[in-house]
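Here's the structure we're looking at; comments come further down.
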Amino acid sequence: MKAGIPLGMALWVFWALASLASAQESCSVKEQCSDCIQTPGCLWCSKPKEGSPTSSHCVPDTSQLQSFCDAQHIENPQNDVKVVQNDPLSDVSKDVRQTVRIIQLAPQRLRLKLRKGKTQHISVTYRQVKDYPVDLYYLMDLSNSMLDDKENLAKLGSKLADTMRNLTTQFKLGFGSFVDKVLMPFADTAEEKLQRPCSGCAPPYSYRNDLPLDSDPSKFTAKVLGAPISGNMDAPEGGFDALMQAMVCKEQIGWRDTVRRIIVFSTDAKFHHAGDGRLAGIVQPNDEQCHLDKDGVYNDFDKYDYPSVAQINKIAQREEINVIFAVSGYPDLYESLSKMIEASSFGVLDANSANVVELVKEQYERITSKIKLSDNLTDTSPVTISYSSKCHGTQDVATSECGNMKEGSEVVFDLDVTAIECPADGKPFFIEVKTLQDKLILEVEFDCSCGCETTDRVDNSTSCHLQGALVCGVCSCYPGFRGDRCQCSTSGFHELNEDESQCIMPGDAYACSNQGYCSCGACVCDSPDFVNGKYCQCNRRLCSNGNDKECSGHGTCDCGKCKCKPGYEGQFCECEDDSKCRELGKQEVCSGHGECKCGKCRCTQSDNVHYSGQYCEDCQSCSTGKCSKFRDCVQCQHFGTGVLDKEECNKCEIKPQPVDFLDDKILNNARLCTFEDTDTGCYFNFTYLYMDNGKYSIYVLREQQCPEAAPVLGIVFGLVAAIVAIGLLTLLIWKLLTTIHDRREYAKFEDERRKAQWNTDGNPLYRPATNTFKNPAFAQQAQ
Ligand SMILES: *[C@@H]1O[C@H](CO)[C@@H](O)[C@H](O)[C@H]1NC(C)=O
Ligand SMILES: *[C@@H]1O[C@H](CO)[C@@H](O)[C@H](O)[C@H]1NC(C)=O
Ligand SMILES: *[C@@H]1O[C@H](CO)[C@@H](O)[C@H](O)[C@H]1NC(C)=O
Ligand SMILES: *[C@@H]1O[C@H](CO)[C@@H](O)[C@H](O)[C@H]1NC(C)=O
């Protein structure tokens, strides 16, 4: 802990200094009193004392700064609240019927003077009175299926009234019924069905106000009993038409002024809504107006479409009506509907509405146990309000709503009101904060201008060179003048007065290069993003070519000229430099056969010489061409051979230089040519090089290279001898092989012959050609 305190202190001091510095900054840039006081935390001093710590009149609002400015010269408006109306809350213990007006919210009217950005805190007290009057209008679906519900409601009518009267003595009950638009396809419009849509049914109708609000419950019972059931055709009913009429027909229904208004909407079916009317050809949207005739019947159902959910919600809020949906069918549908309609609630009726009294009581208590403050501010309002309340607890909560309200409960709401802007018209702004019929009106005035702007004003002030008014201690220049003493003119670039001479660049005719104006000896450039320099002489636009990047992204703009990064050149650094034009390891740009343009070689193209290649190192067209062009001259001049005779040889333009060998120095870049000298049968080499002066330098190898003479006869004899020798050898081998083979075959024959042991005169395979057969029968005959 002990270590923590110095550290915390240091941090706090640092924070305080930092925030002071930033406040100082945001204040000091304000040049006018009204701008200054519209900045939270700043004050204006019209006449700073000698030795003031800052030259600005707008300074942060801190206590020690007051020492350099007399109080009468300080403009530092504060918020102000005036109570216009604050009638006391109604006494809970007294019967409110004796009270002329019931007051549950105090105060009722405040006049606020707000400085922009400075929050004003106000407190509002709400106390729930006993016996707050209640108007309850029972709106019932009387289509055929609701017959038993109707009978039950008639039975329970007096009980409902009694129960409500137990909650509030000033209770009024009304009754209305609805079926649907009497149009195809919602109702059957056949003649007999129009008279009697179902057995025992009355003709169909849209909505009828059967009983305006009345304090006699017996009338309710009688009216409910007497209301005839009717019928329609499709399943959904026209309840929204009825709901709209019941809400907007204030007089016919008999809604009182200071009262809690409740409509119980009871049905067992779905509802038609905006758009469904088109089925019957109705295109006009619901006009949210009352159209009941003198009998309380809605007859204009055929002119206007059903209202939308949004319209119902809007009107329910405007008329401050709580709708209780008491339904015996489609609970999910009505539950979500009640979520879309502000301050409505929802409960499920038994099939025959036997629980209607409990349901209404329960929903009533739910509605009245909650209080909510709301205001009519919008997103564009110049004022914001934030609410908080302890409600019944001890902790402040950011809410505009408190539950658990009972008779006599009192809650306090804290409102933080802030002006977030100064309306241009400067008129007061009205805000309504309300709950039920209780309202708090806030009249907001905006403190956006300084008093000294009217009281402390000297026109044609000498302090302002007679070219402005001295207002709140500073010059407010007349049109055409500027500067803190209105000493500078804003007009005329070409009008040379003494002041502007300092704004003219030597050698230029115009002040500020005609790209700005001269303000008290210094140039103020027209578009500082592009134009700068002491005389606005630098224009960054000159550093880019068309829509390209500044200096093509390869350099920086220095007063309208590109400074290129290494490797780039050109006006807009758009070119790579000549390092790309040099063959690796060579000094010459483009091999000496071209010039480097924007990182690319442009090769020499002249005189039948066409260099090509990335570095102009190649000359396809000239390689053979020149070699053979120079061949004859080289041959005759140097070797005295070839096709040219002496006379022609003298005409040769070239002078080849003989060398002993072609070294690298000669070969570098030069073209090497090799030809056979047909006269000698030898070869000769020479080089040529295209020179910058358009001439050729030619070197020729002094000696021809002759192939050594080969021994032709020897080769021929050798060849013949070799062929004969190979032939003889082949014959010899063949003879040898056949002899060996013959010998083997003979030996085998001899061997076989020796093995043959048969008789030479009795060939075992031999059979004599004659045979003797004996006839046994003949032999017997002969005996
Ligand atoms: C009205 O209140 C009294 C006393 O609190 C009670 O006896 C009576 O039953 C209540 N009546 C109804 C209809 O709730
Ligand atoms: C709010 O209500 C007040 C008082 O009824 C009214 O004068 C003012 O115009 C309303 N403001 C808006 C934005 O509707
Ligand atoms: C200021 O001076 C101009 C001309 O000198 C004159 O026309 C104008 O009326 C003067 N204004 C006041 C308020 O004196
Ligand atoms: C002459 O040129 C040929 C090929 O062009 C080369 O093979 C030969 O070595 C050269 N002779 C000399 C002496 O440079």
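Read in order, the letters of the sequence shown are residues -23 to -1, 1 to 760 in mature numbering (1 follows the signal peptide of the UniProt record, and there is no 0).
A virtual CB, placed ideally from N, CA and C, is assigned to each residue, including glycine.
If contacts are defined as beta-carbon pairs under 8 Å, then Pro400 and Pro359 qualify, I think. What distance do you get, rounded to the angstrom?
5 Å
Using the Cβ count rule (16 or more neighbours within 10 Å means buried), how would you classify Ile206?
buried
Contact under 8 Å by Cβ, Ala223 with Ile240
yes
Close-in-space but distant-in-sequence residues of the same chain around Phe323 (CB under 6 Å, 5 per side omitted):
Phe302, Tyr311, Glu312, Ser315
Paired residues, beta bridge with Pro262 - DSSP
Pro262 pairs with nothing; no bridge assigned.
Assigned exposure category for His615 - 16 Cβ within 10 Å defines buried:
buried
May I have the straight-line CA-CA distance separating Thr707 from Phe726, to the nearest angstrom?
29 Å
Quick check on this structure: which residue in Asp165, Asp424, Pro181, Lys158 has the alpha carbon closest to the alpha carbon of Tyr281?
Lys158
Once the 5 residues before and after Phe(-10) are set aside, which same chain residues still bring their CB inside 6 Å of it?
Residue placement at Phe(-10) is poorly supported in this model, since its pLDDT is 47, which falls under 50; the coordinates are not used for a value here.
Below 6 Å CB to CB, which residues in the same chain sit around Cys550 once its five sequence neighbours on both sides are set aside?
Cys528, Ser529, His531, Gly532, Cys539, Cys541
For a test of the three-state rule: what should DSSP assign to Glu565, helix, strand or coil?
coil
Just the Cα atoms here: how many angstroms apart are Thr651 and Phe661?
6 Å
Thinking Ser135 and Pro194 are a contact (beta carbons under 8 Å), I'd like their distance in whole angstroms, please.
5 Å
Helix, strand or coil at Lys383 according to DSSP, with G and I counted as helix
coil
With DSSP collapsed to three states, give me the class of Thr395.
strand
Identify every run of the beta strand (DSSP E) within the stretch 632 to 679, keeping only runs that are complete inside it and at least 3 residues long; order them along the chain.
634 to 636, 648 to 654, 659 to 667, 673 to 678
Which residue wins for smallest C-alpha separation from Ser386, given the options Ser346, Ala246, Asp211, Tyr182?
Ser346
With distances taken Cα to Cα, identify the nearest neighbour of Gly523 among Lys170, Cys502, Gln548.
Gln548
Quick one, which of Lys672, Asn645, Glu624, Val620 has its alpha-carbon nearest Pro633's?
Lys672
Using a Cβ-based criterion (distance less than 7 Å to any ligand heavy atom), does Leu649 qualify as near ligand 4?
yes
When the distance is taken between beta carbons, is Asp356 closer than 8 Å to Tyr283?
no
Hey, how far is the Cα of Leu473 from the Cα of Glu422?
In this prediction, Leu473 scores a pLDDT of 41, lower than 50, which makes its location untrustworthy; the coordinate-derived value is nonetheless stated afterwards. Their Cα atoms are separated by approximately 49 Å.
Helix, strand or coil: how does DSSP classify Trp711 here?
helix
Does the beta-carbon of Pro684 have 16 or more other beta-carbons within 10 angstroms, so that it is buried, or is it exposed?
exposed
Would you tell me roughly how many angstroms separate the C-alpha atoms of Gly153 and Asp187, rounded to the nearest one?
5 Å
Residues near ligand 2, criterion Cβ-heavy atom distance below 7 Å
Asn353, Leu354, Thr355, Ser358, Phe407, Ile408, Glu409, Ile418
Measuring alpha carbon to alpha carbon, tell me which residue in Ile710, Phe607, Leu133 is nearest Lys338.
Leu133
Report yes if the C-beta of Asn645 is less than 7 Å from at least one heavy atom of ligand 4; otherwise report no.
no
Suppose contacts are defined by Cβ-Cβ distances below 8 Å. Is Ala83 in contact with Met161 by that definition?
no
Mapping the DSSP letters down to three states, classify Ile344 as helix, strand or coil.
helix
Leaving out five residues on either side along the sequence, give the residues of the same chain with a beta carbon under 6 Å from the beta carbon of Lys90.
Asp57, Glu422, Asp424
Thr747 - DSSP class collapsed to helix/strand/coil:
coil
Give me the Cβ distance between Glu409 and Asp461, rounded to the nearest whole Å; I'm assuming they're in contact under 8 Å.
Glu409 to Asp461, Cβ: 46 Å. No contact.
In whole angstroms, what separates the C-alpha of Arg343 from that of Gln105?
14 Å
Going by DSSP, what residues sit across from His98 in a beta bridge?
Asp393
Using the beta-carbon count (16 or more within 10 Å), is Leu443 buried or exposed?
exposed
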